[in-house]
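Input: a single structure, listed below in structure tokens.
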Amino acid sequence: MLSNVRVGTKLMAGFLAVSAVALVVGVMGYRGMGVVMAAYDDAAEVRLPGVRALLTIQERTTALKSAERTLLNPRLTLEERDHEHENFRKRTRAAEEAMKAYDGLPRRDDEEALWREVQTRWAAYQRELGTYRALSMKFTGFGVLDPANLAADLAQREIEHREWIFDLSETVVEMVPFRRTTDPTRCAMGRWLESYTTANPGLAAAMKEFRRPHERVHRSAEKIVSILNGPGTDEDKRRRMMEVFDGETMPAFREVLAIFARMRKVAAEADGMLAALNEQAETRDRKAYKALEQSLGDLVSLAERIAAERMQETDRAVATAGKVVIGAIGAGVAVAVLLGFVFSRAITRPLQDGVRAAERLAAGDLTADVRVPGNDEVGQVMAAIRAAIEKLREVVAAVQAAAGQVAAGSQEMSSGAQQLSQGATEQAASIEE
């Protein structure tokens, strides 16, 4: 079949075949790279960003819980509480941005179901957290940040003043020296009033009101001590001290106790707010957080597992693509070699037959049988050689025929010459006779 195809066509077909093999190898390599790149794109643009976003949500949610626990600490200053409230806003915003980023990524059906669950539980947690933040803001705005400590201080100061009054009453009744301080600024309550600050207007007003009756109590004690140490009989001193104690000390002390009660009430109200804050954190918030944490953990685990599977698929795709390309290259080389062998034999074998025929012709052998392999250029050359040999055969045959005729004519001329010579000899003999 190839013997009827022109050499130029054969060569072009060979080059085209090799080009086709190269194209196939290239296409297979490109497809393999496409699979690999698709897998890597999925991992780099979907899976890893998805895991990163979920981990951010998880971390921000944990940070929110941390801020929530921190705000339960009654020892925080107002600035520290304001800082934690700002952390609430920042961490919530960061979590919502991560949720928005994850929501824009493609997901599998099982991921989608868990994601919807996370969104639902996030909304529930935010509702409970909103309640918690409102309670916390109310507690912070109330202005009593450590109600338990305030209540303990007030109780201790009241007990100390009751003991102080008891000792003063003993001085009045028993006429014994008074060992307590009469300076209202040096007693424990006086020092507390100077050191304690509050943003609660009711407590601040009570503390301000407390100073006047508190000072009267101590000033009355000064009078009693002065009477005790002054001139006069014991009965007279006792009478005068009793008048001061009953007329000045106790009325002022009753005012002190009333203000103590008002301040304790403020502390109790703040403590109730803190208790409500703790209850919200430990019950409803905790329940909502645990549910969200569970769903987030499940989704993170699923996303990490899918990402790992995609990376394994990518590795397999890389290995498969490499094998396919190597196989395609090997097959391409084999096909190219085979095509080269077929096309070269289709060209060289007839040429070799032509060379042998030409060599025999050059040696004078006109008996060679030249086979014409086809209609291509080589076949045309072989046909021309065969025609030349046949023509030479005809020429040689004609020459041989002409040579035979010349030889026959020469023989006749030789016979005629012999006859003429014989006739001349005979004539000469006759003449002699």
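In the numbering used here, the protein residues as written are 6 to 438. Each residue gets a CB set at the ideal place from its N, CA and C atoms; glycine is no exception. Only a predicted model underlies this, so the values are computations on that prediction, with no experimental measurement involved.
Rounded to the nearest angstrom, the Cβ distance from Arg52 to Arg315 is 5 Å, consistent with a contact under 8 Å. Going by DSSP, Phe183 is part of no alpha helix (DSSP H) at all; its letter is neither H nor E. Taking C-beta atoms under 8 Å as the contact rule, Asp251 and Leu134 fail to qualify, at a distance of about 58 Å. Here the alpha carbons of Met268 and Leu69 stand approximately 34 Å from one another. Judged by beta-carbon spacing, Glu122 lies beyond the 8 Å limit of Ser306, meaning their Cβ atoms are not closer than that value. Taking 8 Å as the cut-off, the beta carbon of Val177 is found closer than this to the beta carbon of Arg243. Around the Cβ of Leu279, a 10 Å sphere holds 16 or more other Cβ atoms; the residue is buried.
In the displayed model, Pro206 falls within a helix according to three-state DSSP.
Using a C-beta cut-off of 8 Å, the stretch 206-225 makes contact with the stretch 245-260, since at least three inter-stretch Cβ pairs fall below that distance. Comparing alpha carbon positions, the residue from Val230, Leu60, Thr125 closest to Asp188 is Val230. Unbroken alpha helix (DSSP H) runs of no fewer than 4 residues, entirely contained in the stretch 257-282, are not found. Per DSSP, reduced to three states, the secondary structure at Pro152 is helical. Scanning its chain for C-beta atoms nearer than 8 Å, with the 5 sequence neighbours on each side dropped, one finds around Ala156 the residues Arg269, Ala272, Ala273, Asp276, in chain order.
In this model, Arg113 and Arg350 are separated by some 59 Å (Cα to Cα). Annotated three-state conformation of Leu159 is helix, per DSSP. In the three-state DSSP reduction, Ala368 falls in the coil class, being neither helix nor strand. The residue among Ala313, Gly235, Leu198 with its C-alpha nearest the C-alpha of Phe265 is Leu198. In the pairwise beta carbon analysis, the stretch 330-337 is classified as not touching the stretch 81-99: fewer than three pairs are separated by under 8 Å. Comparing C-alpha distances from Gly146 to each of Asp87, Thr186, Gln405, Ala389 shows the shortest one belongs to Asp87.
With a cut-off of 8 Å on Cβ pairs, the stretch 104-120 is in contact with the stretch 54-68, counting three or more such pairs.
Taken through DSSP and simplified to helix, strand or coil, Pro79 comes out as coil.
Remark: C-beta atoms of Leu140 and Leu282 approach each other more closely than 8 Å. DSSP places Glu240 inside the alpha helix (DSSP H), whose first and last residues are 239-249.
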